């Protein structure tokens with residue numbers, strides 16, 4: 003307890019004010035209440051010292067979401083001109099331990115920004131070397147939880163902030179590995195879209211280069227869909243690519259139709275025709291695929307005219323047979339296009 007330490011005897015602790023008769027009092031542990039009382043005491047006197055750093059670390063380990071402790075810790079580090087490299091190493095363990103807490107990643111971002119700033123002190127590190135090390139660190143963290151939102155957001159910030167071509171080049175192979183391991187990793191699919199289409203420095207690409215990127219991504223999607231047809235992440239990615247490039251959904255109707263109908267048993271002795279442009283589902287795929295049916299309906303609805311009537315038929319089939327759980331949603335889609 004800080005209240006029992008002689009070296010803290012000069013600090014007047016400040017209890018948290020909770021009102022005279024709080025409706026829902028929070029039952030803090032004695033250790034947490036004691037530490038935060040002394041934290042409010044040092045903040046009141048604007049003390050910034052090594053013992054304040056020790057105190058904030060204690061509080062953060064008990065409550066990693068205590069944003070005031072994080073903020074005051076950063077201000078203290080700057081005031082003391084403390085070695086931020088050592089702070090970054092401390093964050094290595096805290097980021098893994100508290101990866102679902104936003105504050106730990108924000109603090110890491112502040113530290114890295116200062117370490118790589120052109121106006122930083124002699125402790126400045128090379129920005130690209132630091133960014134490369136961060137990407138390696140994030141990859142290790144993602145092995146613990148491959149879909150943690152804060153970790154992925156931080157990775158995207160690294161890429162966008164440093165915006166080095168070499169950093170971006172390594173991302174697609176990294177994503178390929180993740181999707182080879184788990185094709186349903188929706189976070190990896192989302193990151194792929196960010197890497198392929200979200201990089202601001204790609205704005206100077208030629209129409210030919212953009213066209214090749216589009217062809218590459220469509221081939222990639224088709225291969226992944228054929229592997230796991232009922233994976234909504236791949237179909238959502240397909241929609242995103244088409245919307246982003248303003249390519250009509252109708253161009254993918256032949257492909258979607260392969261997955262939007264029940265499987266037809268092969269005739270005895272008949273040779274299967276392989277379409278390399280539109281790879282079909284694997285033999286054990288469960289058909290029809292709900293996501294494919296919805297994509298097909300969306301494509302036909304965007305056609306308008308007779309296509310709208312065909313889309314309504316597909317959505318009715320989903321509502322009444324293939325996806326009854328979301329019946330109300332499909333009925334809403336029908337109503338939506340009917341009122342246009």
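In the numbering used here, the protein residues as written are 3 to 342.
Glycine included, each C-beta is placed from N, C-alpha and C at the ideal position.
None of the values given here were measured: they were computed from a predicted structure.
Write down the C-beta distance between residue i and residue j rounded to the nearest angstrom, noting that I regard them as a contact closer than 8 Å.
i, j, result
"residue 197", "residue 173", "4 Å"
"residue 155", "residue 186", "About 20 Å; that fails the 8 Å criterion."
"residue 228", "residue 281", "4 Å"
"residue 74", "residue 45", "6 Å"
"residue 339", "residue 303", "5 Å"
Using the rule of at least 16 other Cβ atoms within 10 Å of the residue's Cβ for burial, across every protein chain shown, is residue i buried or exposed?
i, result
"residue 239", "buried"
"residue 272", "A caution first: residue 272 carries a pLDDT of 49, below 50, which makes its placement in the model unreliable, though a value can still be read off. Burial call: exposed."
"residue 3", "exposed"
"residue 348", "Only positions 3 to 342 of the chain appear in this structure, which leaves residue 348 out of reach."
"residue 349", "Past the edges of the chain, shown from 3 to 342, lies residue 349, and the structure says nothing about it."
"residue 323", "exposed"
"residue 28", "exposed"
"residue 101", "buried"
"residue 146", "exposed"
"residue 314", "buried"
"residue 296", "buried"
"residue 25", "exposed"
So what's residue i in DSSP terms, helix, strand or just coil?
i, result
"residue 127", "coil"
"residue 148", "coil"
"residue 249", "coil"
"residue 23", "coil"
"residue 286", "coil"
"residue 223", "helix"
"residue 335", "helix"
"residue 14", "coil"
"residue 29", "coil"
"residue 37", "helix"
"residue 235", "helix"
"residue 260", "coil"
"residue 325", "coil"
"residue 241", "helix"
"residue 8", "helix"
"residue 210", "helix"
Can you give, in chain order, each stretch of the alpha helix (DSSP H) that sits fully within the stretch 55-105 and has at least 4 residues?
For the stretch 55-105, whole alpha helix (DSSP H) runs of length 4 or above, ordered along the chain, are 69-82, 86-99.
What ranges does the beta strand (DSSP E) occupy inside the stretch 291-319, keeping only unbroken runs of at least 3 residues that lie completely in it?
Runs of the beta strand (DSSP E) inside the stretch 291-319: none found.
Scan the stretch 140-204 and note each continuous alpha helix (DSSP H) run of 4 residues or more that stays entirely inside, going in chain order.
Counting whole runs of 4 or more residues, the stretch 140-204 contains the alpha helix (DSSP H) stretches 151-164, 167-171, 173-183, 188-199.
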